[in-house]
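In the working numbering, the protein residues as written are 935 to 1056.
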């Protein structure tokens, strides 16, 4: 791996983390939902955008900067899991199931649609 690879991932990750934090702050401060909506929206949007990026067939530089770097830090698997556990511990079974179905199912579905749309622009 070259220094350029590390720089592309680091720069993308820097901005992805800031975007993730900003989205969380916006949704958590200005809205009240039963589900952890900030994480849910960030993850399914990130799935769609990654599908779009891969479907379009961008080059290695853009894949590293946007796919691995930005979207890798924009989406958050660990927070998703933690919030799911919190719903389970709080015995919010319906919310737990709904949250997981939307995140997993919606993420896969939106990644697929993003991939197909990306192919149209390739």
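We put the CB at the ideal spot given by N, CA and C, even for glycine.
Being a predicted model, the structure only gives us computed values, none of them experimental.
| request: Report the three-state DSSP secondary structure of residue 939 (helix, strand or coil). | output: The answer is helix: DSSP assigns residue 939 an H, G or I state.
| query | For residue 1055 versus residue 990, is the C-beta distance shorter than 7 Å? | reply | Pairing residue 1055 with residue 990 gives a Cβ-Cβ distance under 7 Å.
| Simplified DSSP state of residue 1024, which is helix, strand or coil | Three-state result, residue 1024: coil.
| field | Member of 942, 1017, 973 whose CA lies at the smallest distance from the CA of residue 1040 | value | Among 942, 1017, 973, the Cα nearest to that of residue 1040 belongs to 973.
| query | What are the complete alpha helix (DSSP H) segments, minimum 4 residues, inside the stretch 1008-1056? | reply | Whole alpha helix (DSSP H) segments, 4+ residues: 1011-1023, 1027-1034, 1041-1054.
| query | Considering residue 973, what are the terminal residues of the alpha helix (DSSP H) in which it resides? | reply | Note, residue 973: alpha helix (DSSP H), 971-990.
| Based on Cα-Cα distance, which residue from 1003, 984, 1032, 956 lies nearest to residue 1017? | Of the candidates 1003, 984, 1032, 956, the one whose C-alpha sits nearest the C-alpha of residue 1017 is 1032.
| request: Apply the 10 Å Cβ neighbour rule to residue 976 and answer buried if 16 or more other Cβ atoms are within range, or exposed otherwise. | output: Buried: at least 16 other Cβ atoms inside 10 Å.
| said: Among 1046, 968, 953, whose alpha-carbon lies nearest the alpha-carbon of residue 1010? | reply: Distances from the alpha-carbon of residue 1010 to those of 1046, 968, 953 put 953 closest.
| query | From residue 935 to residue 941, what does the alpha carbon distance come to, in whole angstroms? | reply | Each residue's Cα considered, the two are about 11 Å apart.
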